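Under UniProt numbering, the first residue of the sequence shown is numbered 1, with each subsequent residue one higher. Virtual Cβ for every residue (Gly too), placed ideally from N, Cα, C. Just so we're clear, the structure is a prediction, and the values are computed from it rather than from any experiment. This report refers to the structure that appears directly beneath it.
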Amino acid sequence: MADHVNVVKFIGIGHVQDKRIHGQLALVTPYMKNGDLLTYAESHENADRTCLVRDLAQVARGLIYLHSIDIIHGDLKCSNVLVSDDGIAGLADFGLSSIGDGIAQSSSSVSISPGNPRWLAPELLFPTRFETSGKHTRETDVYAFGMTALELFTNKAPLSDVPHLAVPLEVAINGMKPPYPGPTAEARGLTESLWELMERCWNRDPSERPKT
1 MADHVNVVKF IGIGHVQDKR IHGQLALVTP YMKNGDLLTY AESHENADRT
51 CLVRDLAQVA RGLIYLHSID IIHGDLKCSN VLVSDDGIAG LADFGLSSIG
101 DGIAQSSSSV SISPGNPRWL APELLFPTRF ETSGKHTRET DVYAFGMTAL
151 ELFTNKAPLS DVPHLAVPLE VAINGMKPPY PGPTAEARGL TESLWELMER
201 CWNRDPSERP KT
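Right under this line is the structure:
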């Protein structure tokens with residue numbers, strides 16, 4: 001059982017009481033009135049510019065902890081980071097998470113919700129081209145962390161100017177990476193060193209990405 005200040009506590013599993021999605025299971029966690037990370041950041045847009053850097057550091061600590069106990073998140077993005085009443089960011093919604101490399105889901109078995117390709121590493125978008133199994137790994141989580149950082153500093157989904165259906169082709173085949181976001185992101189706390197870290201997270205070679 002994950003037990004870390006930057007990981008949202010897991011209470012249990014329940015059935016969704018909605019006839020439109022009858023039978024679907026949902027993870028039960030404590031109620032977070034501050035909502036997800038992007039919502040929280042928007043409601044505190046006048047806060048000190050170091051606040052987003054602090055929030056991102058908390059996301060990193062949560063991810064490092066999960067990997068230390070062999071849990072792969074598999075769906076990291078701002079909407080899956082919740083903020084507690086006292087402003088602590090915690091990783092949540094492990095809808096695609098797995099324990100250990102051997103149990104990780106293959107890309108062929110994952111139902112990708114709208115927008116998810118924007119956070120997915122190239123080897124998940126086109127496993128055969130990269131000669132990989134298509135499984136979520138520590139390295140694909142690190143790639144998603146870089147995209148989550150970009151989302152936080154720009155207040156936009158990664159590669160938001162690229163049509164949804166074109167993202168897999170552009171990223172996996174054409175090698176597209178996000179361009180530097182400019183002054184708006186800098187005003188929100190993005191620094192040169194943080195940008196360099198994000199670029200390392202997006203390395204097409206998983207082994208060259210930062211380690212957790």
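Comparing C-alpha positions only, which one of the options sits nearest to residue i?
i: Ser68; options: Asp3, Ala185 and Tyr31; result: Asp3
i: Leu63; options: Arg129, Val8 and Gly189; result: Val8
i: residue 252; options: Trp202, Ser193, Thr154 and Asp55; result: The displayed coordinates of the chain run from 1 to 212. Any statement about residue 252 would go beyond what the structure contains.
i: Arg209; options: Leu152, Thr137 and Ala172; result: Thr137
i: Thr154; options: Leu91, Tyr31, Thr191 and Gly74; result: Thr191
i: Thr128; options: Glu186, Trp202, Ala89 and Ile173; result: Ile173
i: Tyr70; options: Asp141, Glu151 and Arg204; result: The sequence shown places Asp at residue 70, not Tyr. Ranking Asp141, Glu151 and Arg204 by Cα distance to Asp70 puts Asp141 first.
i: Leu90; options: Pro30, Glu131 and Trp195; result: The question names Leu, yet the displayed sequence has Gly at residue 90. When each option's Cα is compared against that of Gly90, the closest is Pro30.
i: Leu150; options: Leu169, Lys177 and Ile88; result: Lys177
i: Lys77; options: Cys51, Met147, Ser207 and Tyr65; result: Met147
i: Gly189; options: Gly35, Asp93 and Val53; result: Val53
Consult DSSP for residue i and reduce its assignment to one of helix, strand or coil.
i: Ala89; result: strand
i: Ile71; result: strand
i: Asp36; result: strand
i: Val7; result: strand
i: Asp141; result: helix
i: Ser43; result: helix
i: Glu186; result: helix
i: Phe130; result: helix
i: Gly115; result: Note that Gly115 has pLDDT 40, beneath the 50 cutoff, so the model's placement of it is unreliable and the number below is only indicative. It is coil, neither helix nor strand.
i: Gly146; result: helix
i: Ala104; result: Confidence is the limiting factor: at Ala104 the pLDDT is only 40, short of 50, which leaves the residue's position unreliable and the question unanswerable from this model.
i: His164; result: helix
i: Leu169; result: helix
i: Phe153; result: helix
With DSSP as the reference, identify every bridge partner of residue i, one or two as the case may be.
i: Val83; result: Ala89
i: Ile64; result: In the DSSP output, where bridge partners are listed per residue, Ile64 has none listed.
Answer with yes or no whether the minimum CB distance from residue i to chain E is below 8 angstroms.
i: Arg54; result: Among the chains in the structure shown there is no chain E, since it carries only a single protein chain.
Counting Cβ pairs closer than 8 angstroms, one from the region 119 to 138 and one from the region 35 to 46, do we hit at least three?
no
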